[in-house]
Amino acid sequence: MVDNFTTDPDLTADYHLQITSTSAIDHADPAYAPGVDIDGDARPQGTGPDIGADEYIPVSVPVDHYSISHSGHGITCTGEPVTITARDAAGAVFPVDVDTLITVTTNPASGSWGLTSGSGAFSNNGSGTATYTIPAGESSVVLNYANTTVGTYSFDVIDKDSSTESPDQDPPITFSNAGFRFYAGGTTAANYNKIGLNNNIQIGGKSSNRAPNGQTLYLRAIQTNTNTMQCEARVSGTINVNMGYECVNPGSCAGSKLVGITSGTANLSCPGGTPTNTAIAGNDSGSANSTPVSLNFDSNGTAAFSMVYCDVGQIRLHASLTLAASPADNEPEVTLTGTSNTFTDVPFGYDVAALTAAGNPFSMASNANGAVFAKAGANFMVSARAVLWEAADDQDHDGIPDGHADSNPANNADLSNNPAAISFGQENTPETITLSPDLISPAAGTQGALSVSNISGFSNGTGSTQTNYSEVGIMEIKAGDDGNYIDTPDNSIGKSGFVGRFIPDHFIVGSNTPAFADSCLAGNFTYLGQPFVFAVNPVYTVTAVNASGAITKNYGGAGTSEDFWKLSAPTISAAYYGDQIGGSAGFYVQNPGSGTLSGNTGYLGSGTLTVSGASLIYNRPSVPQNPFDAKVNLTLTSTDLTDTDNVCYDSEPDGTCDSFTTADVGGTKLQQGRLKLSNSFGSELNDMHMSLVVQHYVGGRFTANTSDTCSSVSVGLSDYTGNLSSGETCVQDNGSPGLSGAGCANAGPVSEQFSTPPTLGDFNLYLKAPGNNNHGSVKLSTSCDSWLKYDWDNNPATNDTAPTGIATFGIFRGNDRIINFMEISK
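In terms of full-length UniProt numbering, the sequence shown opens at residue 1 and continues consecutively.
Here it is in structure tokens:
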């Protein structure tokens with residue numbers, strides 16, 4: 001081969017040749033090569049050249065060792081099944097990744113082999129030797145070993161990689177001319193040593209012959225006819241057989257005499273955890289301990305019997321009987337022995353209970369108004385007890401506790417009085433139970449999670465753990481295993497019934513940024529003494545959370561049949577508002593408003609509290625005050641934020657209920673104002689202008705408030721003097737009574753018409769000229785809002801008033817005796 005390989009490296013990381021261009025292998029057709037190369041391309045087959053060297057035999061993972069299992073007893077007139085299983089280094093069943101040839105030999109070399117179960121190629125080579133190919137993906141084969149010579153034999157296995165059997169999984173087998181054989185469901189060869197097999201899973205505490213998976217069991221006594229080498233009955237009639245059981249997994253028996261046997265097909269049970277009828281002795285290993293059991297053998301040497309195991313785990317049965325010699329029949333003394341297959345009894349179910357964290361029982365709620373069990377995220381205890389089967393709890397005979405497979409917590413069969421399966425959790429690899437929550441209410445809510453979802457460390461079949469539930473509401477806890485008990489498919493379950501009611505751990509609260517509205521929107525101010533309201537109402541988001549701070553979405557459903565929302569809208573009082581100015585202008589809550597909740601009918605874990613309808617006032621001080629910005633704290637007390645289950649707002653959280661304050665709410669500028677009307681005089685032949693303006697206190701004095709385009713004022717005329725009479729003058733307006741309330745019948749000139757609200761703080765007040773010789777005076781009175789009144793009489797003991805003024809017609813000049821005339825501003 002030339003120019004076939006790169007120089008560095010010749011082999012790639014997955015051990016195939018690195019090719020440059022030309023053919024690497026000619027006429028290649030490896031027996032074990034895959035049909036495609038590593039690039040997924042079909043490999044050429046036969047005598048044609050293979051292009052490139054992308055084809056190679058994959059490196060297989062060898063079997064670590066093999067296990068050999070059988071009953072330990074054989075009878076010379078029939079064969080005995082022998083199971084050979086490939087295993088990995090951890091002892092787990094190992095499916096081979098390529099076809100694997102094994103060779104089986106016998107020591108001493110004797111007997112013959114047959115194939116009982118397996119799809120690979122088999123060959124019986126004689127003298128106790130056979131070969132079998134375990135197909136890729138499979139892990140075991142069942143062979144039938146037959147030997148007509150009495151004796152004890154051992155087996156050896158070796159494969160293509162020189163993997164062999166494990167010494168501790170290679171028991172010898174003893175062949176005798178007579179012995180016992182166990183059958184299940186019949187007495188044919190197909191029924192031999194099939195207790196609990198072929199989907200006939202046995203349940204701890206259930207009689208072997210009862211549904212589900214009922215099997216009539218048989219013990220047959222046979223011997224070899226030395227002339228024909230055929231099997232024939234060895235005994236008949238009623239005979240006491242010594243029977244015992246061996247605990248395989250767990251390897252030690254949890255109690256004594258937990259297996260009951262009775263002749264025939266009567267039902268057995270486990271009242272109080274002990275078997276009815278004859279209880280036979282148990283053995284941690286072997287068959288030394290046994291108990292006589294009366295069995296009725298027919299003419300074929302077969303006795304039907306029923307069995308119950310008042311525990312769970314893997315066991316096997318042993319039987320022995322010593323028959324005295326019978327010289328008349330030329331029969332020597334003989335001991336018949338036999339061992340059943342290893343079979344597994346699984347738990348019937350699990351008695352599950354939710355308890356307080358201290359382990360005390362609790363009366364659980366079944367609806368949103370029931371008692372509180374725990375806070376979301378707070379620990380409580382769950383106990384689970386593996387239990388035995390009882391007929392009253394399996395009336396449909398499906399092997400599942402009645403009511404435990406549906407979603408109704410109210411109809412569960414009561415397992416609390418079932419005997420415990422005391423070996424559960426003591427297996428060679430201890431079993432554990434998995435816990436999962438099923439949401440019951442609210443039905444449209446969110447499924448929560450358990451913080452700890454398994455139980456281990458069982459004692460007498462019972463285990464417990466501390467866990468917590470992440471959500472609000474009511475749930476049911478389901479307990480189950482991983483789908484297998486030891487090596488047997490198992491759907492054992494148990495449910496707790498109602499668990500709840502769960503409530504939030506605490507609330508978290510957030511708010512918007514509220515703002516006050518200017519009472520005079522266009523002027524961007526509010527007068528002292530004038531009510532002001534919110535431009536942006538306070539809005540709070542109250543969110544329920546668990547102990548970890550995660551939202552408990554099921555806190556909701558307000559007003560529905562599944563109402564887990566227990567927080568009411570608070571009564572808003574004056575205490576909600578706290579002035580932060582502290583000046584001479586007193587703060588007054590005219591109307592505290594009200595709080596309403598929304599957004600809490602669904603299951604989102606939060607609701608919105610809105611405060612609306614409030615009206616507040618900064619009072620007018622006796623001494624005028626310069627403008628300032630409103631600054632008010634809004635505080636919801638801890639009581640406002642505590643629901644009927646005493647769940648409250650807790651900001652830290654540290655277990656102490658807190659108030660929630662939105663600080664320094666502002667949005668409007670407060671200023672002290674007044675309405676001012678000035679006296680005026682002039683000719684009765686001319687319209688008279690009178691100064692009627694709003695003022696505010698700025699920089700230590702009152703000045704015109706040109707920003708006021710909001711105030712409303714009316715005018716009245718009275719107290720006429722001289723030649724001036726009522727009706728001879730009036731306010732120039734848009735008609736009568738006009739905006740002023742004292743308008744002339746006819747609209748005055750547009751430039752003189754009364755303006756309310758004012759323009760730049762001026763109401764543009766003009767009186768119509770009364771006419772020739774109608775000289776005299778008239779008093780003008782005003783009506784205005786309280787916040788524009790003033791102490792015009794300079795007497796704090798009297799109420800503030802709206803201003804008045806005098807209009808005098810017929811005066812053209814000042815008094816000669818007056819040297820100077822000046823208006824004094826107050």
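Each residue gets a CB set at the ideal place from its N, CA and C atoms; glycine is no exception.
Determine the direct distance from the alpha carbon of residue j to that of residue i, and round the result to whole angstroms.
| i | j | result |
| --- | --- | --- |
| residue 119 | residue 190 | 18 Å |
| residue 226 | residue 79 | 16 Å |
| residue 707 | residue 753 | 20 Å |
| residue 664 | residue 578 | 9 Å |
| residue 733 | residue 637 | 54 Å |
| residue 807 | residue 536 | 46 Å |
| residue 164 | residue 255 | 37 Å |
| residue 898 | residue 428 | Absent from the model: residue 898. The displayed extent of the chain is 1 to 826, so no value can be given. |
| residue 457 | residue 103 | 43 Å |
| residue 393 | residue 594 | 57 Å |
| residue 32 | residue 59 | Per-residue confidence for residue 32 stands at a pLDDT of 49, beneath the threshold of 50, marking its modelled position as unreliable; no derived number is given. |
| residue 201 | residue 213 | 6 Å |
| residue 721 | residue 747 | 25 Å |
| residue 452 | residue 607 | 30 Å |
| residue 658 | residue 474 | 28 Å |
| residue 786 | residue 668 | 19 Å |
| residue 643 | residue 568 | 7 Å |
| residue 500 | residue 315 | 41 Å |
| residue 699 | residue 513 | 31 Å |
| residue 125 | residue 143 | 13 Å |
Tell me, to the nearest whole angstrom, how far the beta carbon of residue i is from that of residue j; I am working on the premise that it is less than 8 Å.
| i | j | result |
| --- | --- | --- |
| residue 150 | residue 76 | 6 Å |
| residue 136 | residue 88 | Contact flag wrong, Cβ pair sits at about 16 Å. |
| residue 290 | residue 318 | 7 Å |
| residue 152 | residue 101 | The Cβ separation is near 28 Å, so there is no contact. |
| residue 861 | residue 549 | This structure cannot speak to residue 861, because the chain is shown only from 1 to 826. |
| residue 386 | residue 424 | 4 Å |
| residue 244 | residue 282 | 7 Å |
With 16 other CB atoms within 10 Å as the buried threshold, where does residue i fall?
| i | result |
| --- | --- |
| residue 307 | buried |
| residue 117 | exposed |
| residue 82 | buried |
| residue 506 | buried |
| residue 629 | exposed |
| residue 172 | exposed |
| residue 750 | exposed |
| residue 130 | buried |
| residue 24 | Because residue 24 carries a pLDDT of 45, less than 50, the predicted location of this residue cannot be relied on, and no value is offered for it. |
| residue 810 | buried |
| residue 311 | buried |
| residue 287 | buried |
| residue 465 | buried |
| residue 510 | exposed |
Give me, in chain order, the residues of the same chain whose beta-carbon lies closer than 7 Å to that of residue i; leave out the 5 immediate sequence neighbours on both sides.
| i | result |
| --- | --- |
| residue 676 | 693, 695 and 803 |
| residue 484 | 490 |
| residue 301 | 220, 221, 222, 233, 234, 235 and 236 |
| residue 580 | 631, 632, 633 and 664 |
| residue 276 | 260, 268 and 269 |
| residue 736 | 743, 744 and 745 |
Once the 5 residues before and after residue i are set aside, which same chain residues still bring their CB inside 8 Å of it?
| i | result |
| --- | --- |
| residue 559 | 601 |
| residue 395 | 402 |
| residue 187 | 218, 220, 300 and 302 |
| residue 110 | 127, 128, 147, 149, 151 and 153 |
| residue 592 | 572, 573, 574, 576, 577 and 614 |
Skipping 5 residues on each side, what residues in its chain have a beta carbon closer than 6 Å to that of residue i?
| i | result |
| --- | --- |
| residue 691 | 678 |
| residue 447 | 439 |
| residue 718 | 779 |
| residue 141 | 84, 118 and 132 |
| residue 279 | 257 and 260 |
| residue 640 | 570 |
Compute every distance between the C-beta of residue i and the non-hydrogen atoms of the ligand ADP, then say whether any falls below 7 Å.
| i | result |
| --- | --- |
| residue 546 | With respect to the ligand ADP, the structure offers nothing, as it holds no ligand at all. |
(Q) Check whether the segment 260-275 and the segment 405-423 are in contact - that is, three or more C-beta pairs closer than 8 Å. (A) yes
Q. When the Cβ atoms of the segment 373-385 are set against those of the segment 328-338, are three or more pairs found closer than 8 Å?
A. no
Q) Is the segment 350-362 close to the segment 523-530, with three or more CB pairs under 8 Å? A) Under the 8 Å Cβ criterion, the segment 350-362 does not count as touching the segment 523-530, having fewer than three qualifying pairs.
Q: For the segment 702-716 and the segment 755-762, state whether three or more C-beta atom pairs, one from each stretch, are separated by less than 8 Å.
A: yes
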